[in-house]
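> Here you go, one structure.
Numbering (the numbering used here), first residue to last: 1318 to 1392.
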């Protein structure tokens, strides 16, 4: 499920089959946007060679990466 239709044009890396943000700064910028959208805190976490967004939605911890230039929940 995607939560934004706006393209993610920042550089990405693939780590263990997951596309992630290449830089912490870009991930932090998107974390702020997602936090405003879901009205809940969102942080960034280093996963291997990239960065993912982390937050809580409906009481469930969620991590987001990138798929096809969109934000997507990671499994």
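In this text, a Cβ means the ideal position worked out from N, Cα and C, and glycines have one as well.
1) I'd like to check one pair, residue 1357 with residue 1372: are the Cβ atoms closer than 8 Å?
2) List the residues that DSSP assigns as beta-bridge partners of residue 1369.
3) Do you know offhand how far residue 1350's Cα is from residue 1380's?
4) Please report how far the alpha carbon of residue 1378 lies from the alpha carbon of residue 1338, in whole angstroms.
Result, derived from the coordinates:
1) yes
2) 1362
3) 15 Å
4) 19 Å
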